[in-house]
Amino acid sequence: MTAQPTVLILGAGPSGMAAGMELYKKNISFEFVEKNNQVGGLARTMEFGGFKTDIGPHRFFSKNQYLYTFIEELLGEKWILVNRFTRFYANGKLFKYPNDIMEVLTKFGPINLIRAVTDYGFEKARSKIAPRKMNSFEDYAIANFGKTLAEVNMINYTEKVWGIPCKDISVDWAQQRIKGLGLTAILKKALLKSKDVKTLVDQFYYPDEGTGLIYEAIKKKVEKTNTFHLESVPTAVHHENNKIVSVDIKTKDKTKTFAPEHLLTSIPMTEFVKLMSPAPPRDVLEAASRLRYRSQVYLFITINKPSVSPDQWIYFPPKEIPFGRIAEMNNFSKKMSPPGKTSLMIEFFCWEGDEIWNASKEKLLQDTVFWLNKLGFLSMNEVENAYLHRQTNVYPVYNIGYEKNLDVVKNYLNQFTNLEYIGRPGRFRYTNQDHSLEMGILAARSIIEKKDYDLDKVGSENEYFEKGTIGKQNVY
Ligand SMILES: Cc1cc2nc3c(=O)[nH]c(=O)nc-3n(C[C@H](O)[C@H](O)[C@H](O)COP(=O)(O)OP(=O)(O)OC[C@H]3O[C@@H](n4cnc5c(N)ncnc54)[C@H](O)[C@@H]3O)c2cc1C
C-alpha cells in the first residue's frame, strides 16, 4: 500500500478546509475528497463569463478574533471591510434591514400600523396573564413581535426558506435566530439609544474577489504537501471495533482505498451513514432518512449597466414573489464584475425535484425580471446573460422533532473513536462560515492534541447571530 495520509477529509467546504489548514500548521498529513471541481463548498465563488459570484450573499461575521486573524493571514489586503446596506420588500415598498423602526412606523401605512400595535399590545398583555407555550418558531415570533409584524418580517420569509409552515418549525430555530431580539428591544434601541440592547452589525469583512477566495487561498498553501481529489466521492467507509479502518473512494478515473488514522467528514450526514460498512442498525438509517435538507436554485444574471441598487442584498418575503432574495455582487466588491457592468444572484428556495427545482432558466428569468421591473430595478433588454445553478443539501431542516432523529444518528456516529463529523451538512447544523470554520479547527485540534473538543458547543451561545461587535473575544 502507498503512503497513507494521517487524516482523510471528506468535503472541502469551509469546515473541511479549516481543519486542513490547522493540520497543515502542525505538519500532519491529509488528503481531501471533494465532489465538486473546486473547493469552498456552499461558500465557493463561481465564475460566469468574466463575472464572479458567491452562492447567495456571504457576509463574514464572528465574535471570535481568532477567525479574523486566521483569514487575515491568508488574504492580507484582499480582506476588505464593507459598509452594510440591506433591505426587505413588504407592502410594495422597500424597508431597511435590520429594521429601522422609525422607517417602519412612517412607511407601513396607518391601518397596518394600528394592527401591528394592537397585536403587539395583545401579546404583551397575554404574556402577563397566560403566556404562550413556545412550541414552534411561529409561537416565538408572534410572542416577541405580535402577529402582524411577525408575518411581515419573519414568518413569510421563514416559510419560503424552509418550505414548511412556521408552526412546524422547531423553536430551536428561533433560539438560534431571534433570541433576545423582540420588538421592545428594537424600540428601546431606536428611542432611547440604549447601549445594552443587542445591536445588529452594520459592517462586515469580505474577500475582495468573493468569499471563496478564503478557501482557494488555503488550497494554494496546503496543496504543496497535501493532495486534493476533486470531482471524487467516497463509496464505502469500513469499520471494525468502533474504528474506521478504511475508506473507498472513486475519483474521475480510478478507485482508491485509504486507511487513514483519522477520518473527518463534512459531507451530508444522511449520505455518510449510508456509506458505513457494515451498515448501521435499522433505526439509525430510519432516523437519518427523516432528516431533510432544503435545496436551492440560483439564477445568476449579468447586466449591462453599472448598478441595479445600493443594496448588497434584498429579502423578498411575500409568497407571490417566487424568489426569496437577490444579491448584487458589485456592492460587496467592485472586482466581482467587469467595469461598467453589474450582476444579480437570485435565490429560489425549493425541494430537490419540485416545480422550482425543475423550472427552466427562461421561466425563472421571466418571473424575476417581471418583479424587478416593477421596482424599477431592471428591464429585460439590460440583461446580458443568465446562468442557472442547482444546489442540494443547503439548509438542514429544523422541523419539530428533528432533534430526536438527529440524536439517534449522532449516538451511532459518536461510537467511532477516530471519526469527527463537522460542518453544516456533516453535523446537520445551520452554521454560517464562522461556526463551520470553528468546528473544523476544533476537530483538527482534537487530533493534534488528542483531546475531545465538544463540537456541539460551537456557536451555542444561542443568541441572535447578528448581534455584537466584530471579533471581540479570542475564543482559542
Ligand atoms: C444562500 C446562502 C447564503 C449564505 N450566507 C452566508 C453569510 O452571509 N455568511 C456566512 O458566514 N455564511 C453564509 N452561508 C453559509 C455558508 O456557505 C456555510 O456555512 C458554509 O459553506 C458551510 O461550510 P461546511 O464546510 O460546513 O459545509 P459545505 O460548504 O456544505 O461543504 C461541504 C462540502 O462537502 C462536499 N460534498 C458533499 N457531498 C460530498 C460527497 N458525497 N463526496 C465528497 N464531497 C462531498 C460539498 O461539495 C462541499 O464542498 C450561506 C449559505 C448559503 C447557501
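No gaps in the numbering here: position 46 of the sequence shown is 1158 in the working numbering, and each next residue is one more. Note that the Cβ used here is the ideal one computed from N, Cα and C, for glycine as well.
Exclusion of isoleucine 1121 from the 7 angstroms shell around ligand 1 follows from its C-beta lying no nearer than that to any non-hydrogen atom of the ligand.
Within the same chain, Cβ atoms closer than 8 angstroms to the Cβ of threonine 1543 are found at Ser1127, Gly1535, Arg1536, Met1551, Val1570 and Gly1571, the five residues on either side in sequence being excluded. The stretch 1442 to 1461 makes contact with the stretch 1158 to 1169, as at least three CB pairs between them are under 8 angstroms.
Tyrosine 1201 is not a Cβ neighbour of isoleucine 1415, given a cutoff of 8 angstroms. With contact defined as three or more Cβ pairs closer than 8 angstroms, the stretch 1359 to 1379 and the stretch 1467 to 1480 are not in contact.
For histidine 1170, the Cβ falls inside the 7 angstroms cut-off from some heavy atom of ligand 1.
The stretch 1147 to 1162 makes no contact with the stretch 1174 to 1188: fewer than 3 CB pairs, one atom from each, lie closer than 8 angstroms. One thing to note: aspartate 1423 has its Cβ within 8 angstroms of the Cβ of threonine 1198.
Around the beta carbon of glutamine 1527, a 10 Å sphere encloses fewer than 16 other beta carbons of the protein chains shown; the residue is thus reported as exposed. Taken through DSSP and simplified to helix, strand or coil, methionine 1381 comes out as helix. With contacts defined as CB atoms closer than 8 angstroms, histidine 1501 and phenylalanine 1412 qualify as a contacting pair. Taking C-alpha positions only, alanine 1556 is separated from glutamate 1134 by approximately 6 angstroms. Isoleucine 1254 sits in a helix when the DSSP states are folded into three classes. Arginine 1402 places its beta carbon 8 angstroms or farther from that of aspartate 1314.
For the options Asn1211, Gly1275 and Gly1188, the alpha carbon positioned closest to that of valine 1509 is the one of Gly1275. Note that the C-beta distance between glutamate 1352 and asparagine 1530 is not below 8 angstroms. Here the C-alpha atom of alanine 1131 lies approximately 5 angstroms from the C-alpha atom of isoleucine 1553.
Beta-bridge annotation (DSSP): valine 1194 is paired with Phe1316. Taking one beta carbon from each stretch, the stretch 1507 to 1524 and the stretch 1394 to 1410 have 3 or more pairs nearer than 8 angstroms; the two touch.
Nearest C-alpha to phenylalanine 1144 among Glu1343, Val1521, Leu1476 and Lys1447: Glu1343. Excluding residues up to 5 positions away in sequence, Val1145, His1341, Ser1344, Val1345, Pro1346, Thr1347, Thr1367, Lys1368, Thr1369 and Phe1370 lie with their Cβ nearer than 8 angstroms to the Cβ of isoleucine 1361 in the same chain.
For the pair threonine 1480 and phenylalanine 1428, the CB atoms are not nearer than the 8 angstroms cut-off.
In this structure valine 1396 is not in contact with tyrosine 1252, their Cβ atoms being roughly 31 angstroms apart against a cut-off of 8 angstroms.
The beta carbon of leucine 1518 lies closer than 7 angstroms to those of Leu1403 and Phe1540 in the same chain, with the five residues before and after it left out. Proline 1277 and proline 1393 have their alpha carbons spaced roughly 32 angstroms apart.
With a contact defined as Cβ atoms closer than 8 angstroms, threonine 1118 and phenylalanine 1142 qualify at about 7 angstroms.
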